[in-house]
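Residue numbers (our numbering), protein chains in the order written: chain U, 1 to 114; chain H, 1 to 114.
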């Protein structure tokens, strides 16, 4: 069974900390995405990557950065965590040209910044 | 710009009754439309999609959706709801030429009472 794995289900961090959220997929997908999910707002795209070392801003990139050094791994970085970044973070992947099959999502990381 | 609207935050139905979750969209060109479901503390699971062809598409767990181009709608339906269908449902749309621009609605919480 294909998988997108997010390293942590729950995280609690302090304001100002640097936070790393890790995502690994085993499907050899080219595309990887980071979304944040907030009640009443649905999913909003933070960043995506279509190849190793390539990245593009999504709709809400402010306060975030990403890293993709290997095809299977896509990391989301909060340079200096703030309380308004408390949210559920979802990673997803898809194969190039097969976006019509939808994305495969990880189980999510619920981040609380205190 | 593309967008998705799910006009109902919550839908409540009795088990055995029909279930409908509404979705309308706006996108340039012919849309690629998706429904996802999210169970508590889990990632999103793909339910079904419309790319082209028959306006009525069938998906997982007995769900189906009807594409209506004139009304720009893609409502999710199930003839007989189960308590286990209680979850958060998301509609999503993207333009055909762009794998990276999947936009989600705010989500509809479905509660099926026994």
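Glycine included, C-beta positions come from ideal geometry on N, C-alpha and C.
Rounded Cβ spacing between residue i and residue j (contact assumed at less than 8 angstroms)
i	j	result
residue 18 of chain U	residue 78 of chain U	7 angstroms
residue 60 of chain H	residue 47 of chain H	5 angstroms
residue 11 of chain U	residue 111 of chain U	5 angstroms
residue 17 of chain H	residue 111 of chain H	Not quite, the Cβ-Cβ distance comes to about 12 angstroms (not below 8 angstroms), so this is no contact.
residue 32 of chain H	residue 58 of chain H	Residue 32 of chain H to residue 58 of chain H, Cβ: 17 angstroms. No contact.
residue 114 of chain H	residue 8 of chain H	The pair is not a contact, with the Cβ atoms about 21 angstroms apart (cut-off 8 angstroms).
residue 109 of chain U	residue 6 of chain U	5 angstroms
Spatially closest choice to residue i from the options, by CA coordinates
i	options	result
residue 56 of chain H	H:78, H:41 and H:42	H:78
residue 70 of chain U	U:92, U:85, U:29 and U:103	U:29
residue 31 of chain U	U:107, U:82, U:68 and U:89	U:68
residue 51 of chain H	U:108, U:53 and U:102	U:102
residue 106 of chain H	H:36, H:68 and H:15	H:36
residue 67 of chain H	H:91, H:103, H:101 and H:104	H:91
residue 20 of chain H	H:30, H:38, H:26 and H:63	H:63
residue 51 of chain U	U:73, U:59, U:38 and U:43	U:73
residue 16 of chain U	U:57, U:26, U:49 and U:84	U:84
residue 8 of chain U	H:69, H:42 and H:101	H:42
Identity of the residues DSSP links to residue i by a beta bridge
i	result
residue 33 of chain U	U:48 and U:92
residue 41 of chain H	Paired residues: none, contrary to the question.
residue 106 of chain H	In DSSP, residue 106 of chain H forms no bridge with anything.
residue 72 of chain H	None; residue 72 of chain H has no bridge partner.
residue 3 of chain H	H:26
residue 13 of chain U	U:113
residue 75 of chain U	U:22 and U:67
residue 50 of chain H	H:33
residue 42 of chain U	U:38
residue 83 of chain U	None; residue 83 of chain U has no bridge partner.
Test item: CB-CB of residue i and residue j under 8 angstroms
i	j	result
residue 65 of chain H	residue 76 of chain H	yes
residue 64 of chain U	residue 45 of chain U	no
residue 2 of chain H	residue 95 of chain H	yes
residue 113 of chain U	residue 94 of chain U	no
residue 66 of chain U	residue 47 of chain U	yes
residue 10 of chain H	residue 109 of chain H	yes
residue 87 of chain U	residue 36 of chain U	yes
residue 91 of chain U	residue 33 of chain U	yes
residue 103 of chain H	residue 4 of chain H	yes
Against chain U: residues of the region 93-106 of chain H by CB proximity under 9 angstroms:
94, 96, 98, 99, 100, 101, 102, 103, 104, 105 and 106
Output, in sequence order along the chain, the residues in the region 24-52 of chain H whose CB is closer than 7 angstroms to any CB in chain U.
Residues passing the 7 angstroms Cβ filter: 32, 34, 42, 43, 44, 46, 49 and 51.
If the cut-off is 9 angstroms on Cβ atoms, which residues from the region 64-77 of chain H count as contacting chain U, listed in chain order?
none
Chain-ordered residues of the region 42-55 of chain U with a beta carbon less than 9 angstroms from chain H
42, 43, 44, 45, 48 and 50
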